[in-house]
Ligand SMILES: [Zn+2]
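Numbering (the numbering used here), first residue to last: 2 to 392.
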């Protein structure tokens, strides 16, 4: 499929339109109009201009959600990961509804440079490489340097001027003390670079423990995998992180499920649901999970007893707002990234939301990025009961 954006794309007969917005997770509309890769109109068929579309998609009464965002991945280069020696893993995530990924550091690169010149060069190279090439069409925001001792303000200024917009997980490099991390996170923030921090026990031999005191002192924008990657902090420390700061609460698939559910409930009890965002933290020792974000949605909705339409917001609008992305919400002007899905065949759920509430995964029938159809019936989800169709 080409990267060319269609002039105009219409999706009609939408049975359920999920907005990604916690304030109003379900929209009263059945038609989306996209012009040049952006959402141009959202409404009822009779109210919007569907004429002269280059592509018309019939959703056949099924559901549309904003493309899913994976807030925590570890890409390397292209669609290859050395962690589990896999090819085309990003394309597989596309088949799981993921349209945007955010790097928490290209830490799996064999021979990754740890000297300051080298780590800066890698960050710039990774940012460029993924900007220039989107595996499967997926938007991978990469170029996330892992900070090391000895970095000075000028390093952050230089990286920002070179296009670096993210820090890799603080704590994966030599900087593990709160005070030192705090200074570098502040420099990063000053130049518009967003930060995340490793939370919990070591993930693989060679990484270390970051406890709640260090996370709070460092004050990164995202409490990376608050439920551990995989070893979680004690629950009282997780409560502390939820209560004592307002940073994003990131829950990941490759973490501790009990701690993830606890972090979600605690944040919701505080009335701060908008802080909850989802990631997979893959590729990792636990593997590569193309359906990881969908599995998180099903877990948090079913075992966590939260309405499915709310949990979809965690993986779309919440992440988009926390990460300052132009996608993730069904809103005029936003990037036209969508997943069309239906209840899976033979689920006990009576409709899509009910099936997710019962812990089943949806069946994806189409994924659209910037108004371009990128994947038809998913090769990875259970088959959808009804499939959307390009007319
Ligand atoms: Zn980590």
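Each residue gets a CB set at the ideal place from its N, CA and C atoms; glycine is no exception.
Residue i versus the options, residue with shortest Cα-Cα distance
i: residue 68; options: 348, 380, 358 and 294; result: 294
i: residue 58; options: 33, 144, 44 and 66; result: 33
i: residue 244; options: 266, 254 and 229; result: 266
i: residue 255; options: 284, 81 and 211; result: 284
i: residue 10; options: 384, 389, 386 and 371; result: 371
i: residue 71; options: 86, 8, 141 and 382; result: 141
i: residue 102; options: 313, 280 and 392; result: 280
i: residue 30; options: 15, 158 and 36; result: 15
i: residue 209; options: 173, 218, 133 and 389; result: 173
i: residue 158; options: 193, 144 and 138; result: 193
i: residue 95; options: 213, 239, 288 and 338; result: 338
i: residue 143; options: 160, 156, 161 and 107; result: 107
i: residue 389; options: 373, 212, 60 and 382; result: 60
i: residue 292; options: 146, 381, 246 and 206; result: 381
i: residue 36; options: 44, 48, 55 and 25; result: 55
i: residue 219; options: 246, 236, 230 and 204; result: 246
i: residue 358; options: 368, 386 and 301; result: 301
i: residue 335; options: 38, 25, 26 and 8; result: 38
i: residue 26; options: 66, 391 and 183; result: 66
i: residue 282; options: 49, 299, 91 and 152; result: 91
Neighbourhood of residue i by C-beta distance below 6 Å, restricted to the same chain and skipping five residues each side
i: residue 232; result: 201 and 202
i: residue 154; result: 188
i: residue 175; result: 149 and 150
i: residue 228; result: 252, 256, 257, 260, 261 and 264
i: residue 138; result: 370 and 375
i: residue 87; result: 289
i: residue 1; result: Shown here, the chain extends from 2 to 392; a query on residue 1 therefore has no answer.
i: residue 146; result: 120, 124 and 169
i: residue 314; result: 21, 23 and 26
Neighbourhood of residue i by C-beta distance below 7 Å, restricted to the same chain and skipping five residues each side
i: residue 225; result: 73, 105, 170, 197, 198, 199, 200 and 251
i: residue 1; result: Outside the displayed range of the chain (2 to 392) lies residue 1, so it cannot be described from this structure.
i: residue 4; result: Only weak support is given to the placement of residue 4: the predicted model assigns it a pLDDT of 47, under 50, and the value that follows is read from those uncertain coordinates. So no residue of the chain qualifies.
i: residue 163; result: 125
i: residue 111; result: 83
i: residue 89; result: 80
i: residue 213; result: 234, 238, 241 and 242
i: residue 383; result: 345, 346, 362 and 364
i: residue 249; result: 222, 223, 224, 276, 278 and 323
i: residue 271; result: 243 and 244
i: residue 391; result: 56, 58 and 374
Buried/exposed call for residue i, threshold 16 Cβ in 10 Å
i: residue 366; result: buried
i: residue 83; result: exposed
i: residue 136; result: buried
i: residue 52; result: exposed
i: residue 178; result: exposed
i: residue 275; result: buried
i: residue 349; result: exposed
i: residue 133; result: exposed
i: residue 118; result: exposed
i: residue 100; result: buried
i: residue 77; result: buried
i: residue 75; result: buried
i: residue 206; result: exposed
i: residue 13; result: buried
i: residue 46; result: exposed
i: residue 116; result: exposed
i: residue 230; result: buried
i: residue 97; result: buried
Cβ neighbours of residue i in the same chain (closer than 8 Å, five flanking residues each side left out)
i: residue 114; result: 120, 122 and 123
i: residue 394; result: Residue 394 lies beyond the range of the chain shown here (2 to 392); nothing can be said about it.
i: residue 195; result: 166, 167, 168, 189, 222, 223, 324 and 325
i: residue 181; result: 150
i: residue 2; result: Because residue 2 carries a pLDDT of 40, less than 50, the predicted location of this residue cannot be relied on, and the following value inherits that uncertainty. Counting only Cβ-Cβ distances below 8 Å, and skipping sequence neighbours, we find 138, 373, 374 and 375.
i: residue 28; result: 18, 19, 20, 43 and 331
i: residue 305; result: 262, 265, 266 and 312
i: residue 296; result: 254, 290 and 362
i: residue 307; result: 265, 269 and 301
Neighbour flag for residue i against chain C, beta carbons, 9 Å
i: residue 294; result: In summary, chain C is missing from the structure at hand, where a single protein chain is found.
Cβ-heavy atom distance, residue i to ligand 2, below 8 Å
i: residue 128; result: In the structure shown, ligand 2 is absent; the only ligands present are ligand 1.
- prompt: Three or more beta-carbon pairs under 8 Å between the region 17-31 and the region 312-328, yes or no?
  reply: Touching, per the Cβ criterion.
Cβ pair count under 8 Å reaching 3, the region 377-385 against the region 322-333: Touching, no, given that fewer than three Cβ pairs across the two stretches are closer than 8 Å.
task: Please list, in chain order, all residues with a C-beta atom less than 6 Å from at least one heavy atom of ligand 1.
output: Counting only residues whose CB is nearer than 6 Å to a non-hydrogen atom of ligand 1, the list in chain order is 170, 199, 204, 225, 226 and 230.
task: Flag this pair as touching only if the region 126-133 and the region 160-168 have three or more C-beta atom pairs under 8 Å; answer yes or no.
output: By the criterion of at least three beta-carbon pairs nearer than 8 Å, the region 126-133 is in contact with the region 160-168.
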